[in-house]
Structure formats: structure tokens, C-alpha cells
Amino acid sequence: MQKFKFKLDGLLKVREFKEKKIKIELGEILREISAVEDKIRLANVAISETYEAQEQFMKDASQGQMLQFFPMFIQGKKEDIKNKENLLWSLKKKYDKKILELAEARGEVKIMENFKEKKKTEWTKEKNKKELEDIEENIMMRANGSKGNL
């Protein structure tokens, strides 16, 4: 008897490919989220360092024009942080959406795998039944052949 062949194997492979693609996209989104979080952290460190530098600068005799730099720099960094937090929020929304897509894709793959397993089980039962019928037929033929010789 021929080997088991699942007719929807192509569709199963497409669905598995889609699942893998979504996993890769999720990885990219997580990488972007991590990069944005690092940039926010660095901006916060820069603000802290700027405050410390401003304190050191104010201890020395200095011009007022030089002191104007610090608040403008800090304000720019805070706006940058705000923009990065908005980007982070949108990336997290995108991540949540991809998680739902992944769950759906996994469900589709699982359905196809279960269907394939069911068909393979049916094929195996049919194969075993056919083999038993062949064995019984051979036994009957041998039994009829030995009775004819007596």
C-alpha cells in the first residue's frame, strides 16, 4: 500500500510560514522597543549629567550667556523623551496587535496539524484493515487449497 500523503500539506506549510513570519516581526518590534527604551534611558542620563555640569559651571565665575544653554538643552532632551515615549507607546500597540495575529496563526496551524493527524489515523486504520483482509484471504485460500488435496 502507498505511503500516507496529506493533500493539504501545501496549505499547512503556508500557514506555518505565516506563523514564522509573524514571530520574526515580533522579534523586530521587541528589538525596536528595546532600542527606544535605551534611548530614553540615555536621554535621562544626559539630563542628570547636564544638571551636574550646570552646578559645576555655576560654582565658577561665568557669563550669563553660557548659563542659557543648560535649560534649552534640558528642554530639548525632555521633548525628545516625550517623542520617544509616544513612539514606545505606538510600538507596544503594534506588539499587542502582532501577538493577536500570532495567536490566530498558531490556531490555524494547530487546526491543520490536528486535521492532518486525524487523516493519518484514518489512513492507518484503513491500511491495517486492508492488511488484515489480505491476511485472512491468504489463510482462506491456503485452507481451501489443503482441503482439496485430501
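When we follow the working numbering, the leftmost residue of the sequence shown carries the number 2, and every step to the right adds one.
Ideal Cβ placement from N, Cα and C applies to all residues, glycine included.
None of the values given here were measured: they were computed from a predicted structure.
(message) Is the beta carbon of Y96 closer than 8 Å to that of I30?
(response) In this structure, Y96 lies closer than 8 Å to I30 by Cβ.
(message) According to DSSP, is F18 part of a helix, a strand, or is it coil?
(response) DSSP, read as helix, strand or coil, puts F18 in helix.
(request) Measure the alpha-carbon distance for K8 versus K131 and round it to whole angstroms. (result) If I take the Cα positions, the gap works out to 21 Å.
(message) Spatial neighbours of I48 within its chain, please: C-beta separation below 6 Å, excluding the five flanking residues on both sides.
(response) Cβ within range, chain order: I75, K78.
(request) With a 10 Å radius around its C-beta and 16 neighbouring C-beta atoms as the bar for buried, classify M141 as buried or exposed. (result) Exposed, since its Cβ has fewer than 16 Cβ neighbours within 10 Å.
(request) Could you check if A144 is buried or exposed, using at least 16 other CB atoms within 10 Å of its CB as the buried criterion? (result) Exposed, by the Cβ-count rule.
(message) Please return the same chain residues whose Cβ sits closer than 7 Å to the Cβ of G11, not counting the five positions on each side in sequence.
(response) Cβ neighbours of G11 beyond the five flanking positions: none.
(request) With DSSP collapsed to three states, give me the class of Q3. (result) In the structure shown, the three-state DSSP call for Q3 is coil.
(message) Rounded to whole angstroms, what is the Cα-Cα separation between E20 and K117?
(response) Cα to Cα, E20 sits roughly 18 Å from K117.
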